[in-house]
Amino acid sequence: DPGHQGPHVDMSATEPNGPNSSEMKAKATSGTSGVYSGLGEYQLNLDVSLKLQQILEDRGYEVVMCRSDNDTAISNAERALLAAQSGAEIYVRIHANGADDRSVQGALSMSPSPSNPYVPHLYTESQRLSQTLLDSYCAATGFDNRGVQYTDTMTGINWSQVPVTILEMGFMSNEHDDLAMADSSFQQTMAEGIANGIDTYFGQ
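Here it is, written out as C-alpha cells:
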C-alpha cells in the first residue's frame, strides 16, 4: 500500500476511523514532502512500492497493489478492505515521516496495540510483522532503528482484517534521510530491505 496519493486527488470526504466508529476522519491526505529534495511523499511511497512489487514478484510472491499511480482515489479504509478481499496474508503500508525538529532521523514501524478497540486480535502478528520488516529495512539501509510504535488512531490499521504494519521509511524533514530516500538506486536498497523482512516474517 503506497501511502497517500497525488494532492490533485480530493480525499477530504470523511469515513469512520474503524468499523462502527462514530469518529470520522478524512479518507486520505496527500502526505508530507522532502524539505531538501522537494519530493512528494506520495511519489516516494509509490516509487519504493513499485520496486518492492517487482522484487517480491521475482521471489515468487503474489502482490496486490492498493494503487500503482498517483491518481487513484482510494481511501484508507478501502485500502485495508482491498487487502482482505484480495486474500492477502499481510498488509504492508509504505510511508515516510516528517518532524518539526530536522535533526530527527531514522525509520520506525507502526502496529495496532493489544488494546486496539477494533483489531486487538491482530496485535501479535502485526507486532511481529512490524518488528521484522523494520529490522530488515534498517539492516539494509543503515538507517537508525526507532522501533515499533503502537497506534490505534490509524484508519488503515483499524479496518484491517489481516496482520498490518505501517513502515515509516525515514524522515523527509531530515537532510540525511530525505536525500538518501530520493535517490533511485538507494530506493532499490530500501525495497530489498523490506522484501527481506517479508521473507523473514514468512520464514519464522
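Okay, so the sequence shown: first residue is 1115 according to my numbering, each after it adds one. The beta-carbon is built from N, C-alpha and C at its ideal position, and this holds for glycine as well. Please read all numbers here as calculations on a predicted model, not as lab measurements.
Indicate the three-state DSSP secondary structure (helix, strand or coil) for Asn-1159 in the structure shown.
The sequence position of residue 1159 within the sequence shown is 45, counting from 1. Residue state, collapsed to three classes: helix.
Is it buried or exposed, Val-1178, if we count other Cβ atoms within 10 angstroms and call 16 or more buried?
As a first step, residue 1178 is located in the sequence shown; it is residue number 64 there, counting from the start. It is exposed - the Cβ of Val-1178 has fewer than 16 other Cβ atoms within 10 Å.
Within 8 angstroms, do at least three Cβ pairs link the stretch 1271-1287 to the stretch 1203-1222?
yes
Going by beta carbon distance, what residues of the same chain come within less than 6 angstroms of Asp-1115, once the five residues before and after it are set aside?
Taking the first residue of the sequence shown as position 1, residue 1115 is located at position 1. Within the same chain, Asp-1115 has close Cβ partners Cys-1180, Arg-1193, Arg-1207.
Just to confirm, is the Cβ distance from Gly-1117 to Asn-1184 under 9 angstroms?
Residue mapping note: residue 1117 aligns to position 3 of the sequence shown, counting from 1. Residue mapping note: residue 1184 aligns to position 70 of the sequence shown, counting from 1. Cβ atoms of Gly-1117 and Asn-1184: not closer than 9 angstroms.
Cβ neighbour criterion (16 or more within 10 Å) applied to Asn-1134:
Start at 1 with the first residue of the sequence shown, and residue 1134 comes out as number 20. Looking at its Cβ environment, which holds fewer than 16 other Cβ atoms inside 10 Å, Asn-1134 is exposed.
Using three-state DSSP, classify Tyr-1237 as helix, strand or coil.
Within the sequence shown, numbered from 1, the residue matching residue 1237 stands at position 123. In the structure shown, Tyr-1237 sits in a helix (DSSP, three-state: H, G or I).
To the nearest angstrom, report how far apart Gly-1132 and His-1235 are at their CA atoms.
Residue 1132 sits at position 18 when you count from the first residue of the sequence shown. Residue 1235 sits at position 121 when you count from the first residue of the sequence shown. Going by the C-alpha atoms only, they are around 15 angstroms apart.
When Ala-1140, Leu-1166, Pro-1228, Tyr-1232 are compared against Gln-1275, the one with the closest alpha-carbon
Working through the sequence shown from its first residue, we reach residue 1275 at position 161. Here the closest residue by C-alpha is Tyr-1232.
Going by the beta-carbon positions, is the gap between Ile-1271 and Val-1162 smaller than 9 angstroms?
Position 157 of the sequence shown holds residue 1271. Position 48 of the sequence shown holds residue 1162. Cβ atoms of Ile-1271 and Val-1162: not closer than 9 angstroms.
Outcome for Asp-1292 when other beta-carbon atoms lying within 10 angstroms are tallied against a minimum of 16:
Residue numbering aside, residue 1292 sits at position 178 when the sequence shown is read from its first letter. Per the 10 Å Cβ criterion, buried.
Indicate the three-state DSSP secondary structure (helix, strand or coil) for Ser-1225 in the structure shown.
As a working mapping, residue 1225 is identified with position 111 in the sequence shown. If DSSP states are grouped into helix, strand and coil, Ser-1225 belongs with the strands.
So is Asp-1215 buried or exposed if we call it buried at 16+ other beta carbons inside 10 Å?
Indexing the sequence shown from 1 puts residue 1215 at position 101. With fewer than 16 other Cβ atoms within 10 Å, it is exposed.
Report the residue ranges of all alpha helix (DSSP H) runs contained in full by the stretch 1259-1292; include only those spanning at least 4 residues, in chain order.
1269-1272
Around the Cβ of Met-1138, are there at least 16 other Cβ atoms within 10 angstroms (buried) or fewer (exposed)?
As a working mapping, residue 1138 is identified with position 24 in the sequence shown. With fewer than 16 Cβ atoms within 10 Å of its Cβ, Met-1138 is classed as exposed.
Residue nearest to Leu-1247 in terms of C-alpha spacing, selected from Gly-1212, Ala-1142, Tyr-1315:
Residue numbering aside, residue 1247 sits at position 133 when the sequence shown is read from its first letter. That would be Tyr-1315, whose Cα lies nearest to the Cα of Leu-1247.
For Gly-1154, the three-state DSSP class (helix, strand or coil)
As a first step, residue 1154 is located in the sequence shown; it is residue number 40 there, counting from the start. In this structure, Gly-1154 counts as strand in the three-state DSSP scheme.
Could you tell me the boundaries of the beta strand (DSSP E) in which Ile-1208 lies?
Along the sequence shown, read from residue 1 onward, the residue named residue 1208 stands at position 94. Here the beta strand (DSSP E) through Ile-1208 covers 1205-1211.
Which residues share a DSSP beta bridge with Ser-1147?
Sequence index remark: in the sequence shown, residue 1147 carries index 33 (1-based). Per DSSP, Gly-1154.
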